[in-house]
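In this note's numbering, the protein residues as written are 292 to 763. Just so it is clear, CB atoms sit at the ideal spot from N, CA and C, and this is done for glycine as well. In this text, all values refer to a predicted model and were calculated from it rather than measured experimentally.
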Ligand code: SF4
């Protein structure tokens with residue numbers, strides 16, 4: 292059992308963030324709250340009550356034929372002329388009989404603090420209410436590419452099925468205007484994630500600084516090789532998190548999975564180490580993490596990368612499934628993931644107070660059964676998530692989701708041609724989202740493990756209430 296640690300939560304109150312050693316648990320139930328019930332006065336113990344002691348207690352034990360659990364002590368107490376039995380656990384203490392300080396959510400947050408395998412929709416109830424009322428509302432989060440090309444050729448890359456075009460990127464002026472519109476609309480976060488490598492667009496740094504000024508959180512998933520260290524302070528100060536797409540823990544694996552030079556592995560590792568140091572030296576809050584996209588070619592790298600992350604001092608190492616297209620163009624066999632559960636569990640044991648290692652179980656194990664899938668079949672029937680979590684392509688074109696990039700039926704607009712504010716408030720935007728809800732068969736038209744999965748399941752549950760909802 293973990294040792295209780297005292298910390299301060301976000302409201303400034305003291306909390307216990309792990310299970311206190313004296314907490315009531317399944318094998319040691321009970322509570323310590325004092326109520327108005329009559330409490331048996333345990334000072335009136337039958338003489339020699341403890342088991343093993345002679346006299347009255349021994350006789351009582353014999354006559355009642357009580358069964359003693361291992362390690363237990365049995366005591367007898369007199370109250371109002373009757374004798375009662377109390378089974379005493381040897382671990383109980385009497386000197387700290389204080390109210391239970393176990394704070395469930397804080398405890399659970401400790402290792403789940405990033406919620407990699409889930410969603411955070413309940414923290415945006417205003418947007419959910421707007422959706423329920425049929426109003427127009429801004430996305431909570433946008434995943435967007437900044438380019439449509441890359442400097443590596445990772446084996447698992449989804450972008451290869453999204454018409455990559457060398458040199459194509461969102462123009463600086465359009466990007467900054469779009470960021471301003473996001474601020475005006477109340478978009479809460481933007482992840483420079485998807486399509487090509489974001490650091491190939493030199494405007495990524497200024498876009499980040501501008502977004503912070505406007506109150507929009509930003510993040511980035513990058514292969515890190517071209518990360519401009521001259522802008523490290525800007526990024527670590529103004530970005531909420533930076534994630535390195537690294538699916539290897541050593542040079543050989545890196546060459547194999549990323550199809551890149553072994554020397555690039557060394558360079559990347561040193562860059563991450565330097566960023567962690569800058570962050571710590573300057574007290575920047577930016578979370579720095581590693582992400583592995585799991586494919587059979589990197590199964591042998593899982594533990595090595597978990598160790599590497601701990602050694603580098605990053606905040607987390609997350610392992611996710613490889614998303615395939617609906618035509619299985621990358622060739623992922625979800626059933627094959629079922630064989631690697633033990634390795635993933637072992638990797639998670641490398642977590643510590645300051646370092647989270649976590650697999651996205653609900654998606655990786657989609658070939659079995661999870662809260663989201665059974666045998667790769669979704670546990671929801673409609674996609675309502677796209678207006679909450681929008682995706683924008685690295686050429687500036689807007690579609691409801693990444694897997695639908697380049698599908699003209701779902702094309703919404705282009706941030707080079709139109710203000711993003713007008714796009715979101717316009718009719719075409721909502722026509723397309725409604726088309727997704729009404730026409731897309733998520734079981735046939737969509738590939739396993741799309742980005743909106745967790746959000747979709749949550750919204751589906753909200754839209755499809757069980758009976759007797761008032762009996763909460
Ligand atoms: S369920 Fe289908 S339409 Fe909806 S976001 Fe996922 S891939 Fe796109």
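Start-to-end residues for the alpha helix (DSSP H) that takes in residue 677: Here residue 677 belongs to no alpha helix (DSSP H), and DSSP marks it neither H nor E.
Span separating the alpha-carbon of residue 707 from that of residue 431: A straight line joining the alpha-carbon of residue 707 with that of residue 431 spans about 22 Å.
Residue of 651, 377, 681, 739 minimising C-alpha distance to residue 670: Nearest neighbour of residue 670 by Cα position, chosen from 651, 377, 681, 739, turns out to be 739.
Alpha-carbon spacing of residue 375 relative to residue 367, whole angstroms: Using only the alpha carbons, I get a separation of about 5 Å.
Other residues of its chain near residue 438: CB distance less than 8 Å, five sequence neighbours each side excluded: Counting only Cβ-Cβ distances below 8 Å, and skipping sequence neighbours, we find 459, 460, 461, 486, 487, 488, 489, 491, 492, 685.
Secondary structure of residue 342, DSSP reduced to three states: Reliability fails at residue 342, whose pLDDT of 42 lies under 50, so the model's placement of it is uncertain and the value that follows must be treated cautiously. Residue 342: coil per DSSP, three-state reduction.
beta-carbon residue 742 near the ligand SF4 non-hydrogen atom, thresh 8 Å: For the ligand SF4, a non-hydrogen atom lies closer than 8 Å to the CB of residue 742.
Endpoints, the beta strand (DSSP E) within which residue 512 is located: For residue 512, the enclosing beta strand (DSSP E) covers residues 508-513.
Inter-stretch contact at 8 Å, needing at least 3 Cβ pairs: the region 740-749 / the region 407-418: Here the region 740-749 makes contact with the region 407-418; the two share three or more CB pairs at distances below 8 Å.
Residue 596 classed as buried or exposed, judged by whether at least 16 other C-beta atoms fall within 10 angstroms: When all chains shown are included, residue 596 counts as buried.
Complete runs of the alpha helix (DSSP H) confined to the region 649-711 [at least 4 residues]: Counting only unbroken stretches of 4 or more residues, the alpha helix (DSSP H) elements lying wholly within the region 649-711 are 652-655, in sequence order.
Residue closest to residue 657, alpha-carbon to alpha-carbon, out of 650, 667, 648: For the residues 650, 667, 648, the minimum Cα distance to residue 657 belongs to 667.
Assigned exposure category for residue 688 - 16 Cβ within 10 Å defines buried: By the Cβ neighbour-count rule, residue 688 is buried, with 16 or more other Cβ atoms within 10 Å of its own.
CB contact below 9 Å: residue 433 versus chain D: Among the chains in the structure shown there is no chain D, since it carries only a single protein chain.
Residue 679 beta carbon near the ligand SF4 (any heavy atom closer than 8 Å): It does not: the Cβ of residue 679 is nowhere closer than 8 Å to a heavy atom of the ligand SF4.
Burial state of residue 447 (16 or more Cβ within 10 Å): With 16 or more neighbouring CB atoms inside 10 Å of its own CB, residue 447 falls in the buried class.
Closer than 8 Å: residue 657 CB and nearest the ligand SF4 heavy atom: For residue 657, the shortest C-beta to heavy atom distance toward the ligand SF4 is 8 Å or greater.
Given 8 Å, three or more beta-carbon pairs between the region 526-539 and the region 501-513: Enough Cβ pairs lie closer than 8 Å, so yes.
Cα-Cα separation between residue 724 and residue 599, rounded to whole angstroms: Roughly 42 Å separates the two Cα atoms.
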